[in-house]
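Reviewing the structure listed below.
2 protein chains.
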Amino acid sequence: MSPISAPAKVLVVAGTHGNERNAPWLLEHWRRHPEALPRHGLDLELVIGNPAAHARNRRYLERDLNRCFAAELLADVSQDGADLQRARELVASHGPEAEDPCLVALDLHSTTSAMGNALVIYGRRPADLALAAGIQGLLGLPIYLHEADAAQTGFLVERWPCGLVIEVGPVPQGVIQAQICRQTQLGVEAALAVLAAAQRGTLRLPAELVVHRHLGSLDLPRHPDGTPKACLHPALQHRDWQPLHPGDPVFADPGGTTLSFEPPPGLEGQPVWPVFVNEAAYGEKGIALSLTRRECWPVSAAWSAALSAVASKLAQRGTPL
Amino acid sequence: MSPISAPAKVLVVAGTHGNERNAPWLLEHWRRHPEALPRHGLDLELVIGNPAAHARNRRYLERDLNRCFAAELLADVSQDGADLQRARELVASHGPEAEDPCLVALDLHSTTSAMGNALVIYGRRPADLALAAGIQGLLGLPIYLHEADAAQTGFLVERWPCGLVIEVGPVPQGVIQAQICRQTQLGVEAALAVLAAAQRGTLRLPAELVVHRHLGSLDLPRHPDGTPKACLHPALQHRDWQPLHPGDPVFADPGGTTLSFEPPPGLEGQPVWPVFVNEAAYGEKGIALSLTRRECWPVSAAWSAALSAVASKLAQRGTPL
Chain W
1 MSPISAPAKV
11 LVVAGTHGNE
21 RNAPWLLEHW
31 RRHPEALPRH
41 GLDLELVIGN
51 PAAHARNRRY
61 LERDLNRCFA
71 AELLADVSQD
81 GADLQRAREL
91 VASHGPEAED
101 PCLVALDLHS
111 TTSAMGNALV
121 IYGRRPADLA
131 LAAGIQGLLG
141 LPIYLHEADA
151 AQTGFLVERW
161 PCGLVIEVGP
171 VPQGVIQAQI
181 CRQTQLGVEA
191 ALAVLAAAQR
201 GTLRLPAELV
211 VHRHLGSLDL
221 PRHPDGTPKA
231 CLHPALQHRD
241 WQPLHPGDPV
251 FADPGGTTLS
261 FEPPPGLEGQ
271 PVWPVFVNEA
281 AYGEKGIALS
291 LTRRECWPVS
301 AAWSAALSAV
311 ASKLAQRGTP
321 L
Chain V
322 MSPISAPAKV
332 LVVAGTHGNE
342 RNAPWLLEHW
352 RRHPEALPRH
362 GLDLELVIGN
372 PAAHARNRRY
382 LERDLNRCFA
392 AELLADVSQD
402 GADLQRAREL
412 VASHGPEAED
422 PCLVALDLHS
432 TTSAMGNALV
442 IYGRRPADLA
452 LAAGIQGLLG
462 LPIYLHEADA
472 AQTGFLVERW
482 PCGLVIEVGP
492 VPQGVIQAQI
502 CRQTQLGVEA
512 ALAVLAAAQR
522 GTLRLPAELV
532 VHRHLGSLDL
542 PRHPDGTPKA
552 CLHPALQHRD
562 WQPLHPGDPV
572 FADPGGTTLS
582 FEPPPGLEGQ
592 PVWPVFVNEA
602 AYGEKGIALS
612 LTRRECWPVS
622 AAWSAALSAV
632 ASKLAQRGTP
642 L
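One line per chain: the protein sequences are W and V, in this order. Each residue of the first sequence is one higher than the last, beginning at 1 in our numbering. Each residue of the second sequence is one higher than the last, beginning at 322 in our numbering.
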């Protein structure tokens, strides 16, 4: 096992969006009852991502906190605002260079889309891929690989050497549901089990990783004044992760007229897999749904090595080093 | 038929709560395409209830608009605020005493609870009971009779001589769903058909009205600091209108401990029918669910007469008076 250079923690963030109530409630429960979350000896930092937005039950105050973590934006002193300040504070207090550093970030979200219990990773960092593969091996969770999307950048977990989002739905904003909490708990438990196995050198990943790779997003058809001309077709509502074929219904206007799916250039004749279908918070971003391609990738030994390298630097409480 | 004393309208309000998006979207569609809503010759006033809250996708700005319509509050010049001002404006512009009066108010809401397509009436005004009975006769919609609740008063429709709420769910706040719009449209169409029949003297009501009469509300168990100690039990989620018996699970803590339903004093040993189960906006009101008693009432001829008296004062477009 690699020598531990500094005792580092796993950052568990809930309430990065203030109107996603399930994970923050669970996190408060873990604070009151530490035994409710098996830690496998790992040292955790439990944090409410955006306490000011959480107190107001709003996604954010001025700017989506989970789009504030681009390095240039964090460093740009001409940019200000409560959410961006909070992003800087999180990096300063719990980032990999902090006095009391965290090296892995688990960011817990919920969605109004029927994503089930799902993982989101950003780009193809080997340690992230290993962590996701390990969780998928334990629980079978689907993975949304978000990449190559210039309109959506600056996600929290990207500022830590390893990290992913656990995304659970459908649940309305502002609502706590027992099943959503249970799924979130299972996701976090699996992530910690994988990190602990990587630290102990006992990590065994599946041979294949199934990812849903981001291709692009569709907005609703809109009137010239910006208001929606059509809404999601009822046949597509709650059909996240189900293949959508050319000609399938995708939008409907209030009069019942159906608009069919026309694959974007380069994807003619091929199915896509929608995710984040009708997520409440994405209307303002012009996203009615995102489109992905389902792909099976062989799991690389380099991914495990990358995750083990990170995990070896995590503090191990109560275990001889 | 009674002589028409002044040409009055039917007020159709959408977006009384700014984060309930379905009815306002439908209303904009009716404005663009008047033929999309059969009016039976009735003159409608289509209004966005709280445009400022709607623009911000928030339920309200400072005070729940749908609790602002108590006569004393409207008249209390020491009370102020944007939402209360909007309530006064709605009454001044479209109230029964306005220059261009409305005599019936249909207030269109959505909920995160699994209420389906439902009606809410406030108290036992005969004309409201007739309108609700007529809609129930056409569509079979369940009716929540809200009364005797000192903690929740000042509902919009109470300031008009006749009116009710059409309440559709489950749908998250901030989300438009085709099925929710369709249910809303059906509810409004049925209400207008009943009003037109009452105006023409052809109203035929069913022999019985099934109501779910408000008994009281339950809050979540809470820690001393006010945060929830438990959430709704998963067995009760989405079980609006289904009988709840003594001993049935009602809340669950994050560790999985179940709290069972204990009927309040006076209701020992009897089932109740929950409504507004886990409605997102009611957390702040201390309501995790409301309890009702299902009752079958004989429909009274006096109700029809009361509705006909109101309907006879409505303008009838394109029909000889």
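The beta carbon of each residue, even a glycine, is placed where N, CA and C say it ideally should be. Computed from a predicted structure; not experimentally measured.
Residue i in three-state terms, based on DSSP
i: E479(V); result: helix
i: E258(W); result: Inspection of the sequence shows that residue 258(W) is occupied by Thr rather than by Glu. Of the three classes helix, strand and coil, the one that applies to T258(W) here is strand, per DSSP.
i: V412(V); result: helix
i: W562(V); result: coil
i: S5(W); result: Only weak support is given to the placement of S5(W): the predicted model assigns it a pLDDT of 49, under 50, and the question is left unresolved by the model.
i: V275(W); result: strand
i: R122(W); result: Reading the sequence as shown, one finds Tyr at residue 122(W) and not Arg. It is a strand residue.
i: A14(W); result: strand
i: I497(V); result: coil
i: R377(V); result: coil
i: I166(W); result: strand
i: V250(W); result: strand
i: G437(V); result: strand
i: V47(W); result: strand
i: D404(V); result: helix
i: E529(V); result: strand
i: R326(W); result: There is no way to answer for residue 326(W), as the model of chain W reaches only from 1 to 321.
Cutoff 9 Å: residue i Cβ touching any chain W Cβ
i: H354(V); result: yes
i: T548(V); result: yes
i: C617(V); result: no
i: H566(V); result: no
i: W346(V); result: yes
i: T433(V); result: yes
i: A439(V); result: no
i: L553(V); result: yes
i: T640(V); result: Residue placement at T640(V) cannot be trusted, given a pLDDT of 48 that sits under 50; what the coordinates show is reported in the next sentence. Taking Cβ atoms only, chain W never reaches closer than 9 Å to T640(V), which makes this a no.
i: G508(V); result: no
i: A349(V); result: In the sequence as presented, Ala is not what sits at residue 349(V); that position holds Glu. It does; some Cβ of chain W falls within 9 Å.
i: V492(V); result: yes
CA-to-CA distance, residue j to residue i, given in whole angstroms
i: W481(V); j: L427(V); result: 10 Å
i: A514(V); j: L612(V); result: 31 Å
i: K634(V); j: T433(V); result: 36 Å
i: A419(V); j: V412(V); result: 7 Å
i: V496(V); j: L429(V); result: 15 Å
i: R56(W); j: R204(W); result: 43 Å
i: T202(W); j: A196(W); result: 8 Å
i: M115(W); j: E295(W); result: 18 Å
i: R503(V); j: V13(W); result: 39 Å
i: A602(V); j: P172(W); result: 11 Å
i: P585(V); j: A573(V); result: 19 Å
i: W241(W); j: I143(W); result: 10 Å
i: E62(W); j: R86(W); result: 11 Å
i: A512(V); j: G461(V); result: 12 Å
i: A605(V); j: A207(W); result: The amino acid at residue 605(V) is misidentified as Ala; the sequence shows Glu. Approximately 49 Å between the Cα atoms of the pair.
i: S399(V); j: A439(V); result: 36 Å
i: L395(V); j: G475(V); result: 9 Å
i: G41(W); j: L289(W); result: 39 Å
i: R614(V); j: A472(V); result: 19 Å
i: A636(V); j: A519(V); result: 13 Å
i: P324(V); j: D421(V); result: With a pLDDT of only 42 at P324(V), under 50, the local geometry of the prediction cannot be trusted, and no value is derived from it.
C-beta neighbour in chain V for residue i, strict 9 Å
i: A325(W); result: The question about residue 325(W) has no answer, for chain W in this structure spans 1 to 321.
i: I176(W); result: yes
i: D253(W); result: yes
i: G81(W); result: no
i: Q316(W); result: no
Candidates the options: closest to residue i by CA position
i: W346(V); options: K550(V), I501(V), P619(V) and L424(V); result: I501(V)
i: A632(V); options: D364(V), E583(V) and N343(V); result: D364(V)
i: C162(W); options: R222(W), L129(W) and R293(W); result: L129(W)
i: V571(V); options: P542(V), Q591(V) and L588(V); result: P542(V)
i: D385(V); options: G336(V), V425(V), P422(V) and L424(V); result: G336(V)
i: E600(V); options: C552(V), E589(V) and P619(V); result: C552(V)
i: H94(W); options: K9(W), D225(W) and S308(W); result: K9(W)
i: I121(W); options: G226(W), L164(W) and H54(W); result: L164(W)
Near the ligand MN: residue i beta-carbon under 8 Å from a heavy atom
i: R58(W); result: Questions concerning the ligand MN fall outside what the structure shown contains, since it holds no ligand whatsoever.
Q.
Check whether the segment 532 to 544 of chain V and the segment 392 to 405 of chain V are in contact - that is, three or more C-beta pairs closer than 8 Å.
A. no
Q. Does the pairing of the segment 564 to 572 of chain V with the segment 455 to 464 of chain V give three or more beta-carbon distances under 8 Å?
A. no
Q) Taking three-plus beta-carbon pairs below 8 Å as touching, is the segment 33 to 49 of chain W in contact with the segment 253 to 271 of chain W? A) no
**Q.** Meets three-Cβ-pair contact criterion under 8 Å: the segment 593 to 605 of chain V and the segment 546 to 566 of chain V
**A.** yes
Q) So does the segment 15 to 30 of chain W actually touch the segment 301 to 309 of chain W, counting three or more Cβ pairs closer than 8 Å? A) no
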